[in-house]
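Participant: Please read through the structure below; I'll follow up with questions.
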Amino acid sequence: MQELFMLWDQQAEKYKNSAERKKEYHVERKITRAIIVKGEIYYYTLYMYRHKVTRKCFVYYHNEILRLNKRLKYYLDDIERCLNDQLYERNYKKLGKVKSNKIPYYIYAYHRNKIPIKQANMDELKCHKDKEYDAIQIDTDDSYFYARVNGYKAKFRCRMATIHTLEHNGDNKIKNKTTIMQISNLRIKQDIKKNEAEFHNAVKNALSKLYANKQIIVSGDGAKVITTLATSLKSTRVFDKYHFIRELFKIYGFNETLNKANKRVFDGIDHFKELNYLYNQGKFDEFTNYLKHTINLLSSKPKTVQKIYDIKKFIRFYTTNNKFINETIINKYYTSGNAETFVSHDLKRYIGKNFGLKSINTIIRTIISETNHNLIII
Numbered sequence: 001m002q003e004l005f006m007l008w009d010q011q012a013e014k015y016k017n018s019a020e021r022k023k024e025y026h027v028e029r030k031i032t033r034a035i036i037v038k039g040e041i042y043y044y045t046l047y048m049y050r051h052k053v054t055r056k057c058f059v060y061y062h063n064e065i066l067r068l069n070k071r072l073k074y075y076l077d078d079i080e081r082c083l084n085d086q087l088y089e090r091n092y093k094k095l096g097k098v099k100s101n102k103i104p105y106y107i108y109a110y111h112r113n114k115i116p117i118k119q120a121n122m123d124e125l126k127c128h129k130d131k132e133y134d135a136i137q138i139d140t141d142d143s144y145f146y147a148r149v150n151g152y153k154a155k156f157r158c159r160m161a162t163i164h165t166l167e168h169n170g171d172n173k174i175k176n177k178t179t180i181m182q183i184s185n186l187r188i189k190q191d192i193k194k195n196e197a198e199f200h201n202a203v204k205n206a207l208s209k210l211y212a213n214k215q216i217i218v219s220g221d222g223a224k225v226i227t228t229l230a231t232s233l234k235s236t237r238v239f240d241k242y243h244f245i246r247e248l249f250k251i252y253g254f255n256e257t258l259n260k261a262n263k264r265v266f267d268g269i270d271h272f273k274e275l276n277y278l279y280n281q282g283k284f285d286e287f288t289n290y291l292k293h294t295i296n297l298l299s300s301k302p303k304t305v306q307k308i309y310d311i312k313k314f315i316r317f318y319t320t321n322n323k324f325i326n327e328t329i330i331n332k333y334y335t336s337g338n339a340e341t342f343v344s345h346d347l348k349r350y351i352g353k354n355f356g357l358k359s360i361n362t363i364i365r366t367i368i369s370e371t372n373h374n375l376i377i378i
């Protein structure tokens, strides 16, 4: 690379000493600029000139590469290489201490955001039909967030379905992922039925083109859209275990920092531990009886009306949905509690405010560029 910058210096001197330059411009000053290529710092020379008549100053770039690079700290070809290979360093101070072929993330993000958003076509996605697996699981959840669009703040909903496989009795790792995101601007009136149909069709299309014909498990909270998805796919509907245990903890659980009122109401007895044990062991009748037993324990105590009401409401919720809730334990292919994890990992970490509210285009662009598995955004 040093030869290239020496050539630039020769070109700068050649124009400075030319008759063309002397006819119209005075030399204003000499400029030495630094440029980084694969962690190495190089220096080259430019000149600022002043027009003899108009007195206007300008920096003369004597070749096309310089005209494109201008004041960029990193060589443009190096930036393009890092964009193509996704090479960046978030801790940019680290780059000043060690030689690296990466560029700082803020430079990477700036140039990445200038590239038009392009999503992979279905034909370009990884096909998992030839892989070995016993079942397909679809974890579904809705997440809400704020973002900028056309200069104003708007609330968005991301309806997300993550299709994956888990080899039973295998290494218990999530494999063969495909994420489907339906991002809707709630400031604009939504056609609910149309949105649901579009979401269902995207999931069906991904399953038919990317996965083998296996047993399908649809997991999520109690939302009707998840149940209708499971019905349309003729699959097994499962209530996401994380959401169920979270509701159970709200009613009975406590620790040193959370739900201290539960500790007072239940006289320090940890009913949550016993209920969680019965549920995970598949002792569903005993689980239901224990719920009713806690009502009897509280019925004679003062100031427990609200808690008794909450427990009865939870029992009605469990009775109504026990077919889906119990499937969590019964189904040997089900791997529990992934919906919230996927939302956090594949969406929420990209929508943090940092120094201000991000635009929706920046969020979508970041998700597309940072996601290494199959991604479909509708």
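Each residue of the sequence shown is one higher than the one before, starting from 1 at the first, in the UniProt record's numbering.
Quick reminder that beta carbons are idealized off the backbone N, C-alpha and C, glycines included.
On a predicted model such as this, the values are computed, not experimentally measured, just so you know.
1) What is the DSSP secondary structure of histidine 164, counted as helix, strand or coil?
2) Taking the alpha carbon of valine 265 as the point to measure from, which residue in Thr236, Tyr242, Leu298 and Tyr290 has its own alpha carbon closest?
3) Throw me the rounded Cβ distance for the threonine 178 and leucine 210 pair, which I believe falls under 8 Å.
4) For valine 218, which option in Lys332, Gln137 and Ile107 has the closest C-alpha, if you only look at C-alpha atoms?
5) Exposed or buried, what is methionine 181 when buried is set at 16 or more other beta-carbons lying within 10 Å of its beta-carbon?
6) Between aspartate 139 and phenylalanine 324, is the Cβ-Cβ spacing less than 7 Å?
7) With a threshold of 16 other CB atoms inside 10 Å of the CB of threonine 162, please say whether the residue is buried or exposed.
8) Going by the CB atoms, is the gap between aspartate 9 and tyrosine 44 shorter than 7 Å?
9) Per DSSP, what kind of secondary structure is valine 27 in: helix, strand or coil?
10) Smallest Cα separation from histidine 62: which of Ala12, Tyr25 and Lys30?
11) Hey, how far is the Cα of arginine 71 from the Cα of arginine 237?
12) Check whether the Cβ atoms of serine 336 and lysine 214 lie closer than 7 Å to each other.
13) What is the DSSP secondary structure of threonine 236, reduced to helix, strand or coil?
14) Can you name, in chain order, every residue of its own chain whose Cβ lies under 8 Å from the Cβ of tyrosine 333, other than the five neighbours on each side?
15) Excluding the five sequence neighbours on either side, which residues of its own chain have a C-beta within less than 6 Å of the C-beta of tyrosine 75, listed in chain order?
16) For the segment 229 to 288, list the alpha helix (DSSP H) runs that are entirely contained and at least 4 residues long, ordered along the chain.
17) Can you name the start and end residues of the alpha helix (DSSP H) that arginine 112 belongs to?
18) If you compare alpha carbons, which of Ala120, Val225 and Thr231 is closest to isoleucine 378?
19) Tell me which residues share the same chain as tyrosine 47 and place their Cβ nearer than 8 Å to its Cβ, disregarding the 5 neighbours each side in the sequence.
20) For asparagine 201, which beta-bridge partners are listed by DSSP?
21) Just curious, the alpha helix (DSSP H) that valine 343 is in, first and last residue?
22) To the nearest angstrom, how far is the alpha carbon of glycine 356 from that of arginine 349?
23) Give me whichever residues DSSP pairs with lysine 153 in a beta bridge.
Facilitator: Let's see:
1) It is a strand residue.
2) The shortest Cα separation from valine 265 among Thr236, Tyr242, Leu298 and Tyr290 belongs to Leu298.
3) About 6 Å; that satisfies the 8 Å criterion.
4) Nearest of Lys332, Gln137 and Ile107 to valine 218, Cα basis: Gln137.
5) Around the C-beta of methionine 181, 16 or more other C-beta atoms lie within 10 Å, and the residue is accordingly described as buried.
6) Contact flag unset, no.
7) Buried, because 16 or more other Cβ atoms sit within 10 Å of the Cβ of threonine 162.
8) Contact flag set, yes.
9) For valine 27, the secondary structure class from DSSP, reduced to helix, strand or coil, is strand.
10) Measuring C-alpha to C-alpha distances from histidine 62 to each of Ala12, Tyr25 and Lys30 identifies Ala12 as the nearest.
11) Each residue's CA atom was taken as its position, placing arginine 71 and arginine 237 some 58 Å apart.
12) The criterion of a C-beta distance shorter than 7 Å is not satisfied by serine 336 and lysine 214.
13) Three-state DSSP puts threonine 236 in a strand.
14) Hits under 8 Å: Asp134, Ala135, Gln137, Leu166, His168, Gln215 and Ile217.
15) Closer than 6 Å at Cβ, skipping near neighbours: Ile35 and Val37.
16) With a minimum length of 4 residues, the continuous alpha helix (DSSP H) runs that stay inside the segment 229 to 288 are 241 to 252, 260 to 265 and 271 to 280.
17) Start and end: 105 to 112.
18) Cα-wise, what sits closest to isoleucine 378 is Ala120.
19) In the same chain as tyrosine 47, and ignoring 5 residues on each side of it, the C-beta atoms closer than 8 Å to its own belong to Ala12, Tyr15, Lys16, Val27, Glu28, Arg29, Lys30, Ile31, Val59 and Tyr60, in chain order.
20) Asparagine 201 pairs with nothing; no bridge assigned.
21) Unbroken alpha helix (DSSP H) run through valine 343: 339 to 346.
22) The straight-line gap from Cα to Cα measures roughly 15 Å.
23) Per DSSP, Arg148.
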